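Participant: Residue numbers (the working numbering): 512 to 862. A virtual CB, placed ideally from N, CA and C, is assigned to each residue, including glycine. Small disclaimer: the values here were computed from a predicted structure and weren't measured.
As structure tokens, then:
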């Protein structure tokens, strides 16, 4: 059998990805992307169907392609005396042994970090692991029956709301057990994978690779425990070191020195970021970083007191922390500039 050409492999990889993203117009999307005939694309599709990588459903006009599940396995283990590296080595790594080394490294880091969190923090008794493999990606779910991660952070950090726990997770360096943990595991895991989600209580926290911001959703029901969903393409080219380096600086010997803070997470519902208390909530633990990027996506306006607390009071009091803003609208820019322009000798005015 002839070895696949680089272009042929790119077409196959694209078809697998698009079977995941565009199951109803797979052929037309691929024709347009590569500038090749439908006949040529159909040959590649038939090859993937014959290998069992994708499944065709429906007649010609309504044909839909889906990724075939090549392997699915689930198991439960007691959390008592559990060692995450042994679970990885004995139950998970053998299933992923054909993946490229860089992808396997990311999975090892992500899986062991999430299992270790369940062991050390969940107060649960049982861990459920479900692994699903197809030709495009691997999905791993890790679920414990404990108190719930957002509730645990809320209670231990004395926060008002479980949604504030998500804000703290988004910053990174958050742990309820500083003697044994740095608080970096969830942050880096969410940045390494293609898709990452935590469901706990009534809150869902998600992050997609390539997007600076995280997302938080309020759910209509409250489930016990914590469920973590992780997805990564089998042909991903990034490495775990790529992600570590992205949030590090040489000046700090490659430590975790930079974070992105989604400003919108400080809000409740439709309220605006206007008060000093909201600003102080956003600024909690910020002094642990050298570079802080405030992402103002989905924030139309901010109040004078909010801007003053961050960009005058805190910024001038912490000259070692560099503030960067992104996705700001003109009104937000003006309020930030106004706060920064107040003379140093001017006394603070009531908000």
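1) Return yes when the Cβ of residue 624 is within less than 8 Å of the Cβ of residue 696, no when it is not.
2) Once DSSP output is grouped into helix, strand and coil, what is the label at residue 689?
3) So for residue 535, helix, strand or coil by DSSP?
4) Out of 750, 564, 756 and 704, point me to the one whose CA is closest to residue 739's CA.
5) Evaluate contact between the region 735–755 and the region 641–651, counting only Cβ atoms and requiring at least three cross-stretch pairs below 8 Å.
6) Look up residue 850 in the DSSP assignment and say whether it is helix, strand or coil.
7) Examine the Cβ distances between the region 580–590 and the region 544–557 and report whether three or more of them are shorter than 8 Å.
8) When DSSP labels each residue in this structure, what does residue 721 get in the three-state scheme?
9) What alpha helix (DSSP H) runs, 4 residues minimum, are completely inside the region 566–608?
10) Express the C-alpha separation of residue 810 and residue 607 in angstroms, rounding to a whole number.
11) How would you call residue 735, buried or exposed, if buried means at least 16 neighbouring beta carbons within 10 angstroms?
12) Specify the secondary structure class of residue 638 as computed by DSSP and reduced to three states.
13) Measuring alpha carbon to alpha carbon, tell me which residue in 847, 601, 807 and 849 is nearest residue 838.
14) Just reading off the alpha helix (DSSP H) that residue 757 is part of, what are its end residues?
15) Does the Cβ-Cβ distance between residue 813 and residue 835 come in under 8 Å?
16) Just how far apart, CA to CA, sit residue 817 and residue 787?
17) With 16 other CB atoms within 10 Å as the buried threshold, where does residue 573 fall?
18) Roughly how far, in whole angstroms, is the beta-carbon of residue 636 from the beta-carbon of residue 656, given that I think they are within contact range, below 8 Å?
19) Classify residue 737 as buried or exposed, calling it buried when 16 or more other Cβ atoms lie within 10 Å of its own Cβ.
20) Hey, how far is the Cα of residue 546 from the Cα of residue 553?
21) Using the Cα positions of residue 741 and residue 751, report the straight-line distance between them to the nearest angstrom.
22) When the Cα atoms are used, what is the spatial distance from residue 614 to residue 793?
23) Give the DSSP-derived three-state secondary structure of residue 809 in the structure shown.
24) Is it true that the CB of residue 654 sits closer than 8 Å to the CB of residue 639?
25) Confirm, please, whether the CB-CB distance from residue 708 to residue 700 is below 8 Å.
26) Between residue 524 and the rest of its own chain, which residues show a CB-CB distance below 6 Å, the 5 nearest in sequence each way excluded?
27) Let's test the definition: count the other Cβ atoms within 10 Å of the Cβ of residue 563 and tell me whether it reaches 16, buried, or not, exposed.
28) Please classify residue 660: does DSSP put it in a helix, a strand, or coil?
29) Would DSSP call residue 743 helix, strand or coil?
30) Helix, strand or coil for residue 788 per DSSP?
31) Looking at C-alpha atoms only, which residue of 652, 815 and 610 is the closest neighbour of residue 629?
32) Per DSSP, which one or two residues make a beta bridge with residue 836?
33) Roughly how many whole angstroms lie between the Cα atoms of residue 820 and residue 830?
34) Is the CB-CB distance between residue 567 and residue 549 below 8 Å?
35) Candidates 605, 617 and 593: which alpha carbon is nearest residue 632's?
Facilitator: With the structure as the only source:
1) Cβ distance < 8 Å, so residue 696 and residue 624 count as in contact.
2) With a pLDDT of 44 at residue 689, under the threshold of 50, the modelled position of this residue cannot be trusted; read the value that follows with caution. In this structure, residue 689 counts as coil in the three-state DSSP scheme.
3) coil
4) The residue with the shortest Cα to Cα distance from residue 739 is 704.
5) yes
6) helix
7) no
8) In the structure shown, residue 721 adopts coil according to DSSP, grouped into three states.
9) 595–598
10) One C-alpha to the other measures close to 42 Å.
11) exposed
12) strand
13) 807
14) Segment 751–757, the alpha helix (DSSP H) holding residue 757.
15) no
16) 5 Å
17) exposed
18) 6 Å
19) buried
20) 14 Å
21) 15 Å
22) 34 Å
23) coil
24) Taking the C-beta atoms as reference points, residue 654 is found nearer than 8 Å to residue 639.
25) no
26) 746
27) Exposed, because fewer than 16 other Cβ atoms sit within 10 Å of the Cβ of residue 563.
28) helix
29) strand
30) helix
31) 652
32) 805
33) 14 Å
34) no
35) 593
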